[in-house]
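Yeah, the sequence shown ends on 742 if you go by my numbering, and it's all consecutive. To keep things clear, I will list the structure first and then write my remarks on it.
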Amino acid sequence: MPRGFKEELMFTGMMAGLMVIVMEAYNIAMASGIHAGFIVEVLVGYPLALVVAAILDLVLVGPLVKAIFFNYIFKPEWEQTPIKIALCISTMMVLGMVTLMSLFGIIVTFGFENITWAMYGHAWILNLCLALPLQLVIVGPICRLLLGKIQAAIDEK
Numbered sequence: 586m587p588r589g590f591k592e593e594l595m596f597t598g599m600m601a602g603l604m605v606i607v608m609e610a611y612n613i614a615m616a617s618g619i620h621a622g623f624i625v626e627v628l629v630g631y632p633l634a635l636v637v638a639a640i641l642d643l644v645l646v647g648p649l650v651k652a653i654f655f656n657y658i659f660k661p662e663w664e665q666t667p668i669k670i671a672l673c674i675s676t677m678m679v680l681g682m683v684t685l686m687s688l689f690g691i692i693v694t695f696g697f698e699n700i701t702w703a704m705y706g707h708a709w710i711l712n713l714c715l716a717l718p719l720q721l722v723i724v725g726p727i728c729r730l731l732l733g734k735i736q737a738a739i740d741e742k
């Protein structure tokens with residue numbers, strides 16, 4: 586887990602960077618298929634989606650999830666098995682980020698005035714089905730491994 590603000594920024598950058606690129610590619614593929622301009626379309630939308638995701642993570646979802654987790658869910662004995670803490674926080678983060686980023690994606694794609702509850706619910710379910718295993722099995726472990734290596738390098742100095 587990040588030990589300070591700089592590490593939090595690095596960790597969020599890695600996590601959001603990987604999650605956003607995969608989720609953006611997934612959503613574009615679901616909406617319009619994989620076509621000749623697919624990679625360009627993903628890369629064009631990536632910077633804005635990354636900035637929005639990072640801000641939501643750092644300013645809203647992250648602090649809210651940590652407050653809820655540490656005030657209502659956390660058990661002191663979990664300190665002996667930090668993976669429980671990481672998995673619980675990761676799951677809660679995915680739920681929050683999918684909720685907000687699905688709305689962001691629909692607004693960017695269709696405009697605010699064209700959103701329906703059915704459209705949002707459909708996007709939310711599809712995004713959750715990919716984002717949760719992606720986070721828990723691939724992106725989360727990779728980012729925690731990289732953060733651990735960064736922390737070890739910092740501790741050696």
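The C-beta atom is built at its ideal place from N, Cα and C for all residues, glycine as well. Quick caveat, the model's predicted, so the values are computed rather than measured.
Counting the other Cβ atoms within 10 Å of the Cβ of Gly706 gives fewer than 16, which makes it exposed. The alpha-carbon separation between Ile692 and Glu662 amounts to approximately 43 Å. Look at the segment 666–703 and you find these whole runs of alpha helix (DSSP H), each 4 residues long or longer: 667–695.
Counting of Cβ neighbours within 10 angstroms places Ser617 among the exposed residues, the total staying below 16. For the pair Gly690 and Leu641, the Cα-to-Cα distance works out to about 14 Å. Where Gly725 is concerned, the enclosing alpha helix (DSSP H) starts and stops at Gly725 to Glu741. Taking 8 Å as the upper bound for CB-CB distance, Leu635 and Ala601 are in contact here, some 6 Å apart. DSSP, read as helix, strand or coil, puts Met586 in coil. If you draw a straight line from the Cα of Val629 to the Cα of Val607, it is about 14 Å long. Per the coordinates, the alpha-carbon of Phe655 lies some 13 Å from the alpha-carbon of Pro667. In the same chain as Leu688, and ignoring 5 residues on each side of it, the C-beta atoms closer than 7 Å to its own belong to Tyr705, in chain order. Three or more Cβ pairs closer than 8 Å define a contact, and the segment 617–626 falls short of that threshold against the segment 726–733. Separation of the CB atoms of Ile653 and Cys673 is rounded to 10 Å, and the pair is thereby denied contact status at 8 Å. Residue environment: Asn712 is assigned as buried (16 or more neighbouring CB atoms within 10 Å of its CB, all protein chains considered). Across the structure, Leu685 and Val650 are spaced so that their CA atoms are roughly 14 Å apart. Looking only at Ile735, Ala708 and Val625, the smallest Cα-Cα distance to Met682 is reached by Ala708.
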